[in-house]
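> Encoded as structure tokens, here's the structure I'll be asking about.
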Amino acid sequence: MEASQGLRIILDGHIHSKYSRATSKDMNIRNIARFAKVKGLNVVATGDFTHPGWLKELKETLKPSSFEGLYQPAENEENVYFMVTTEVCTISSFEGKPRRIHHVIWVPSLEVAEQISEALSAYGDLEADGRPTLNMEPPELVERVTEVSSDNLVFPAHAWTPWFSLFGAFSGFDRLKDCYQDMTGRIYALETGLSSDPPMNWRVSELDRLAIISNSDSHSFWPWRLGREANVFELPEPSYKAIVNALKSKDNRRFLFTIETDPAYGKYHWTGHRNCGVSMPAREAVKAGGICPVCGRRMTQGVEERVEELADRPEGFKPPGKPGFVHLIPLSEIIATSLGLENPQDRRVW
């Protein structure tokens with residue numbers, strides 16, 4: 361990619377490596393770069409820099425690019441650039457309730473990643489998982505990360521999913537400020553997750569000052585997973601700082617729109633009980649009192665219902681100046697459906 365009058369950048373800023381649980385063993389830089397190019401991404405996350413094994417591989421397989429803060433594969437020229445990222449899980453307690461929250465961290469270099477890993481190693485075993493569990497409170501995480509460099513970015517991952525998220529029904533918070541407390545001012549973005557989209561987040565006025573971003577959280581390099589959600593920028597000079605500054609400034613001339621999977625496709629969009637094959641929209645779930653009509657046990661509260669609980673605006677409200685969005689379905693899934701196939705991995709699709 362060349363920096364000229366303005367460069368269109370499509371970024372997937374949250375994925376995982378082979379060092380994360382339930383992730384393809386072939387999730388390496390070569391495969392990520394190859395299929396990111398197929399997908400149409402030109403910047404993609406490394407994921408998992410906190411894992412010592414993956415950080416070592418990143419140092420061996422990436423080289424600095426001509427664009428500050430972005431890297432290229434050392435052994436091929438796929439014209440795909442990498443941003444150094446990770447996801448961590450903090451475990452703490454708030455108002456007598458355990459809180460397990462996932463956060464994404466972006467950094468401008470592998471050297472900074474190494475410094476952060478060293479700082480966070482005091483809070484948990486970084487070798488146990490590509491997405492490590494840390495015994496610390498969210499504001500402490502933000503403080504530790506941003507004191508290494510003010511260029512580092514921390515934001516809540518898949519903010520609405522029932523488990524392990526900022527607003528999650530089971531172990532999350534009702535307010536952004538309750539989670540990040542005195543460090544809330546250092547939070548500049550929020551990740552929608554597959555089960556929500558920007559319009560759902562616009563209904564919560566507390567989130568107005570944040571950039572609403574979307575990423576795949578992919579555990580596989582296949583194009584129907586990688587980049588299924590992404591962020592589109594137009595920047596005069598592509599760099600890590602240019603991307604982060606576009607988010608911090610909320611400049612919709614630079615941060616143009618997000619690419620979204622329709623939330624209805626998300627696993628946690630509706631309230632339900634998987635074991636009983638029950639799934640229902642928010643209004644029906646409220647009428648049912650959250651109780652499964654088959655077995656009588658409490659259902660998993662879906663993202664749609666959770667948004668209804670916390671929303672202080674009507675459906676359809678859009679704050680002024682927000683970037684746009686588009687709902688897309690992976691081409692491989694459309695082809696598979698047209699051929700009567702259940703699996704987009706089927707060779708007949710490709």
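Taking this note's numbering as reference, the numbering of the sequence shown is continuous, increasing by one, and the terminal residue is 710.
Glycine included, every Cβ here is placed at the ideal spot set by N, Cα and C.
Can you give the beta carbon distance from L501 to T410, rounded, assuming they're within the 8 Å contact cut?
L501 to T410, Cβ: 12 Å. No contact.
> Tell me, to the nearest whole angstrom, how far the beta carbon of V464 is from that of A517; I am working on the premise that it is less than 8 Å.
5 Å
> Are there 16 or more other CB atoms within 10 angstroms of the CB of S692, so buried, or fewer, so exposed?
buried
> Measuring alpha carbon to alpha carbon, tell me which of L513, G373, R381, N388 ends up nearest F581.
N388
> What is the rounded straight-line gap between the Cα of K385 and the Cα of V403?
22 Å
> Put C539 into one of helix, strand or coil per three-state DSSP.
helix
> Examine the Cβ distances between the stretch 474–482 and the stretch 432–440 and report whether three or more of them are shorter than 8 Å.
no
> Within its chain, find whatever has a CB closer than 6 Å to the CB of V663; leave out the 5 residues flanking it on each side and keep chain order.
Excluding sequence neighbours, V663 sits near W520, S555, S556, Y628, H629.
> Helix or strand or just coil, what does DSSP make of E362?
With a pLDDT of only 48 at E362, under 50, the local geometry of the prediction cannot be trusted, and the value read off the model is given with reservation. In this structure, E362 counts as coil in the three-state DSSP scheme.
> Can you give the beta carbon distance from H687 to E589, rounded, assuming they're within the 8 Å contact cut?
At roughly 10 Å, the Cβ-Cβ gap does not stay under 8 Å, so H687 and E589 are not in contact.
> Excluding the five sequence neighbours on either side, which residues of its own chain have a C-beta within less than 6 Å of the C-beta of A393, listed in chain order?
P433, E438, V440
> Looking at C-alpha atoms only, which residue of Q541, V398, R614, D489 is the closest neighbour of Y379?
D489
> Let me know the secondary structure DSSP gives N591 once reduced to three states.
strand
> Just mark A405 as buried or exposed, buried being the case when its beta carbon has 16 or more other beta carbons within 10 Å.
buried
> Considering S477, what are the terminal residues of the beta strand (DSSP E) in which it resides?
Run containing S477: none in the beta strand (DSSP E); it sits in the alpha helix (DSSP H), 470–480.
> CA-CA distance, T446 and Q661?
27 Å
> I'd like to check one pair, P458 with S574: are the Cβ atoms closer than 8 Å?
no
> Can you look up L567 in the DSSP assignment and give me helix, strand or coil?
helix
> Using DSSP with H/G/I as helix, E/B as strand and the rest coil, what is P559?
helix
> In three-state DSSP terms, what is P690?
coil
> Using CA atoms only, rank isn't needed, just tell me which of R634, A642, E669, V667 is closest to I657.
Before going further, note that residue 657 is Arg rather than Ile in the sequence given. Answer by Cα proximity: R634.
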